[in-house]
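Numbering (the numbering used here), first residue to last: 1 to 172. Each residue gets a CB set at the ideal place from its N, CA and C atoms; glycine is no exception. A quick note: this is a predicted structure, and the numbers were derived from the prediction, not measured.
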Amino acid sequence: ARLADVRGLEQMIAQIYQRDAALGGGRPDVVNALIAAVQDKLDAARRLRLARDRWALRAPEIRKYWIDISAPFDLFTRLKPSLEDIKLLAGSSPASLAAIDRVVARIVKTASTIAPPEELSAAHALLVSAAQLADNAARIPWDASSAAAGALMLGERARSDIQALLRRPELP
């Protein structure tokens, strides 16, 4: 099933029936249980094959989106040290806070010009939310630590959601 080998599993079912007949069909309960188990694998292989086919059709658009959105993600990565300082209440210089404001503005501006594929719209929105939380962390001293932590978490979640769709589907 992990190989999405539908034909191979169908052949296996046919072989089970052939071998059972050659052996006289004396254990129908065992054969039926074996057939049921292989049919479960066959269903899983078919679902995986369909998921991989859909992914193969969408992969070029998803990769193009990743290339387009990489610049905002790289900018967000540059914010991490400053956001970690805010999160830890380690103190932030006015220059650091101003840099966050500038970088966030660039992230939001660039991200707003990129139309995500439908399946990535939630992850795209997470990146924008992460940038806005980072901006709040830099502007609002009260609760800034929470906003910085939230921005870091949402940014990482957006990255992992997008990267997950860049990989070919596999069985769990």
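- With respect to A4, R52 sits close: the two C-beta atoms are nearer than 8 Å.
- Following the DSSP letters along the chain, one finds E156 inside the alpha helix (DSSP H) bounded by residues 144–166.
- Burial of S82 is indicated by the presence of at least 16 other C-beta atoms within 10 angstroms of its C-beta.
- Taking 8 Å as the cut-off, the beta carbon of A130 is found no closer than this to the beta carbon of I86.
- Cβ neighbours of V128 within its own chain (closer than 7 Å, five residues either side excluded): V108, A111.
- Where A45 is concerned, the enclosing alpha helix (DSSP H) starts and stops at 28–87.
- The beta carbons of L171 and A44 sit closer together than 8 Å.
- V103 places its beta carbon 8 Å or farther from that of R139.
- CA-to-CA, the gap between Q132 and L97 works out to about 14 Å.
- In this structure V38 touches L9 by the C-beta definition: roughly 6 Å separates them, less than 8 Å.
- Contact between R46 and V6 holds: their C-beta atoms lie close to 6 Å from each other, under 8 Å.
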